[in-house]
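Letter by letter, the sequence shown follows residues 686 to 979 in our numbering.
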Amino acid sequence: MSRTPDARARDTQTKQIQENITNVEKHFGDLCQLFAAYVRKTARLRDKADLLVKEVSLYADTETPNLKLGLKNFADQLAQIQDYRQAEVERLEVKVIEPLKAYGNIVKTKREDMKQTQTARNREAKQMQQLERMRQRNPSDRQIISQAESELQRATMEATRTTRQLEETIDDFEKQKIRDIKKIFGEFVTVEMAFHAKALEIYTTAYQHIQNVDEEGDLEVFRNSLHPPDYQSRLEIVRANSKLSLNRTGTSMSKSGTMQSRTSSRQRKRDDEEDDEEEEDDEDDLEEVTDDEH
């Protein structure tokens, strides 16, 4: 038989409530899983950054003093960011994931409320069917019909009461859902903003540490490492010896030139003396020839 308009209205209402609860159950579950994955990714990023900090520190130990100091300070700043990232992970778990996860039990409770209401409505529908059958089978038995009408009235009152309770609890559920969504997403943004604001501050300091590395100072250290002090001493000795050797060579050449000059002078003197002797011999020979002619 056709149900009463009130019963049909309650059925429509229950269907809408059930769809609302199912919608929250599905999407809150998906949000919870995705936020949890987001937090796990953040934790893995923290772990990778810790490895990066370690490697930068190890590399710094092999470098020149200024670069070493800059890298060490950079690694310290990067490690500090990971401390804040750890705090970010913990806060997201408490302020975002846990409240979303709690909706599993909340939805379960609302389904129990709906189940009670549905049970009351089914009882009402059953009593209505029973009354209709009695009216058809025993239309003149007023006692049985009256008793069935009383049972239907009690079932209707119970269905109405549970429906009203369901309306109230679903109304509270809807209010709480909206507040929780605002709070959960607000907490997410606040946690992320706090982390990124602090990270920006620390990254700025890390950048300054790297940019303040004295390049010329480290280049001088590197160049000196290629020519250690004992090498410089040996180089100076070689240079000094080379200079002394050059001086000695110059002196020898000077003395050699003087000796050669003296030798040449003596040779010219001997040549002149020989020429004079030859001239004297020529003159003697001329005198002898003249005497003979006379």
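Beta carbons are placed, not taken as given, at the ideal position from N, Cα and C, and that holds for glycine.
Taking the alpha-carbon positions, what's the residue i to residue j distance?
i           : j           : result
residue 889 : residue 782 : 31 angstroms
residue 879 : residue 734 : 19 angstroms
residue 885 : residue 877 : 12 angstroms
residue 840 : residue 717 : 40 angstroms
residue 725 : residue 707 : 27 angstroms
residue 748 : residue 873 : 41 angstroms
residue 626 : residue 883 : Residue 626 cannot be examined here, being either before or after the span of the chain that is shown, 686 to 979.
residue 905 : residue 730 : 38 angstroms
residue 702 : residue 855 : 7 angstroms
residue 813 : residue 826 : 17 angstroms
residue 815 : residue 835 : 12 angstroms
residue 714 : residue 786 : 7 angstroms
residue 852 : residue 832 : 30 angstroms
residue 796 : residue 704 : 11 angstroms
residue 756 : residue 736 : 15 angstroms
residue 863 : residue 792 : 14 angstroms
residue 850 : residue 691 : 16 angstroms
residue 799 : residue 811 : 18 angstroms
residue 911 : residue 896 : 25 angstroms
residue 875 : residue 794 : 30 angstroms
residue 909 : residue 732 : 39 angstroms
According to the neighbour-count rule (16 or more other Cβ atoms, all chains shown, within 10 Å of its Cβ), is residue i buried or exposed?
i           : result
residue 842 : exposed
residue 860 : exposed
residue 740 : exposed
residue 722 : exposed
residue 779 : exposed
residue 767 : buried
residue 837 : buried
residue 870 : exposed
Whose C-beta lies closer than 8 angstroms to the C-beta of residue i among residues of the same chain, with five residues either side of it excluded?
i           : result
residue 848 : 695, 698, 699, 802, 805 and 806
residue 865 : 784 and 788
residue 727 : 770, 773, 774 and 777
residue 746 : 753
Residues in the same chain with beta-carbon distance under 7 angstroms from residue i, minus the five sequence neighbours each way, listed in chain order, please.
i           : result
residue 943 : In this prediction, residue 943 has a pLDDT of 49, which is less than 50 and means its spatial position is unreliable; what the coordinates show is noted afterwards. Excluding sequence neighbours, residue 943 sits near nothing in its chain.
residue 846 : none
residue 820 : 830
residue 891 : 759, 762 and 763
Please state whether DSSP places residue i in a helix, a strand or coil.
i           : result
residue 824 : coil
residue 746 : coil
residue 708 : helix
residue 912 : coil
residue 790 : helix
residue 897 : coil
residue 690 : helix
residue 975 : Residue placement at residue 975 is flagged as unreliable, the pLDDT there being 45, under the threshold of 50; the coordinate-derived value follows with that caveat. Here residue 975 sits in helix by DSSP.
Grab me the residues of residue i's own chain with a C-beta within less than 6 angstroms of its C-beta, minus the 5 sequence neighbours each way, in chain order.
i           : result
residue 738 : 760, 763 and 764
residue 711 : none
residue 844 : 805, 806 and 809
residue 751 : 898, 899, 902 and 903
residue 742 : 760
residue 857 : none
Using a threshold of 7 angstroms, is the CB atom of residue i nearer than that to any non-hydrogen atom of the ligand COA?
i           : result
residue 834 : For the ligand COA, the structure offers nothing, since it holds no ligand at all.
Residue ranges of each beta strand (DSSP E) within the stretch 839-880, 3 or longer: none
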